[in-house]
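Read the structure below first, then the notes.
Protein chains: 2
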Amino acid sequence: MARIISTKNTSKKDVIIKKAAFLFTKKGFASTSMRQLADHIGVEASSLYNHIGSKNELLQTICFKVANDFTTQLHQIAETDLSFTQKWEQIIRFHISMMLNHYEEVFVANHEWKQLEDPFLSNFLHQRKLYESRLVEWINAGIQKKEFRNIDPHVAVLTILSAVRGLEFWHRHKKNINTKKLESAMLDHLLFGLIKK
Amino acid sequence: MARIISTKNTSKKDVIIKKAAFLFTKKGFASTSMRQLADHIGVEASSLYNHIGSKNELLQTICFKVANDFTTQLHQIAETDLSFTQKWEQIIRFHISMMLNHYEEVFVANHEWKQLEDPFLSNFLHQRKLYESRLVEWINAGIQKKEFRNIDPHVAVLTILSAVRGLEFWHRHKKNINTKKLESAMLDHLLFGLIKK
DNA sequence: CCTACCGATCGGTAGG
DNA sequence: CCTACCGATCGGTAGG
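Heads up: the protein sequence lines correspond to chains A and B, in order.
In this text, residue positions in the first sequence follow the numbering used here: the first is 1, and each later residue adds one.
In this text, residue positions in the second sequence follow the numbering used here: the first is 198, and each later residue adds one.
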């Protein structure tokens, strides 16, 4: 008789997806069963199928929601006439805030996308590749404008994206560090390095 | 009648572990069945149990081999009288070379340790925590000796370790970049940053 | 090393 | 929303 609690802004499907992201983060997609998911929500496993199509659909929904958020933000920043240093600062800050405010969904998109099935897998990888290509262009443009040091653009993108992704460990450690301070500290390291001049 | 091929330096167990690391990297631990593993090796699933104890034991072996390699190297570098800049350079280079030369094992240790069961899970996390604490000390000491800028040491360790971990994407993209060049480029970014002075 | 097999659990459906 | 159930697959064992 238990019912999934939904509100005006949060459908029952949303509740299921949110809980799924939590469990997929904690135990992994493959190791999370629909029965466990149902238990955490308070219904029987079969009841979930009134709101969702399949277990795989849950993963697809999470992965593409995250991917679209990043793509949208990239395009918004690209349209501005900010310097490339400023564009990079904006996108790094966005990555950090996504990591801190939508931790579970981002974690699932980062770690469990492999479990997607075609055509979703191909689409996801394609979208990510386009995203990274655009970021490489931003590095190249910044080098040409003499904003950046003359570094390898692919390595730079890789280094920055990976560093920001590492915030998932931070989240796990549950350090109650000031968010703004963390953003500034990481940005500072990535832009200015470790070594004293 | 098929038999696992072993040599003087590579036991049958080693062959199984190597193939397991490959499959765990490609599909994840939970999504890899013992039957798939046996197929890739060329025997029946039940035959594997003549050489190994369980599926979980495979994961434990891989995770702790990697953890021990890193811990050993850390202690060796710690014993030298190198400057902290040089110590950091050494450990970053070691991380990069582990990533490039033992990709699959490192990947499994980085991504699938969650599937370990206690007491292995606790041990693994404890070992990792000690490792990171030592690295934080290296940053603090470098700041005191005026080698490093006055940055947040935890953020610095997180940033560096995460960036290096990102090399797994590089490996996946199969770019045939010069290894030494890649090492230098990433080291350069982490030590000196992006921005031109 | 294989054949034969076990109990447990999986994602999902039928029907109400 | 639940009960009852399906076929498939899982990790692992017995016995040779």
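Glycine is no exception: its CB is placed at the ideal position from the N, C-alpha and C atoms.
Query: Simplified DSSP state of isoleucine 41/A, which is helix, strand or coil; Result: helix
Query: Neighbouring residues, chain B, relative to glutamate 147/A (Cβ below 7 Å); Result: Lys393
Query: Three-way DSSP call (helix, strand, coil) for phenylalanine 29/A in this model; Result: coil
Query: Coil, strand or helix - isoleucine 201/B by DSSP; Result: coil
Query: Secondary structure of isoleucine 77/A, DSSP reduced to three states; Result: helix
Query: Residues that phenylalanine 148/A bridges to, as DSSP identifies them; Result: Ile392/B
Query: DSSP state of asparagine 178/A mapped onto helix, strand, coil; Result: coil
Query: Residues near leucine 187/A in its chain [Cβ-Cβ closer than 6 Å; skip 5 each side]; Result: Ile92
Query: Proximity test, Cβ basis, 7 Å: valine 155/A and chain B; Result: yes
Query: 7 Å Cβ cutoff, aspartate 118/A in contact with chain B; Result: no
Query: Three CB pairs or more closer than 8 Å across the region 48-59 of chain A and the region 69-84 of chain A; Result: no
Query: Three-state secondary structure assigned by DSSP to isoleucine 160/A; Result: helix
Query: Segment limits, alpha helix (DSSP H) that includes serine 54/A; Result: Looking at the DSSP string, serine 54/A is not in any alpha helix (DSSP H), and its letter there is neither H nor E.
Query: Whole-angstrom distance between leucine 327/B and lysine 205/B, CA atom to CA atom; Result: 36 Å
Query: Residue range of the alpha helix (DSSP H) that includes tryptophan 285/B; Result: 281-298
Query: Under 7 Å by beta carbon: chain A residues contacting alanine 227/B; Result: Gly28, Ala30 and Ser31
Query: Within 7 Å, strictly: CB atoms of isoleucine 201/B and isoleucine 238/B; Result: yes
Query: Per-residue contacts from methionine 383/B into chain A (C-beta, under 7 Å); Result: Val155 and Thr159
Query: Backbone secondary structure at threonine 10/A - three-state DSSP; Result: coil
Query: Cutoff 7 Å: arginine 232/B Cβ touching any chain A Cβ; Result: no
Query: Residues of its chain near glutamate 132/A, where Cβ-Cβ distance is below 7 Å and the 5 sequence neighbours each way are ignored; Result: Val157
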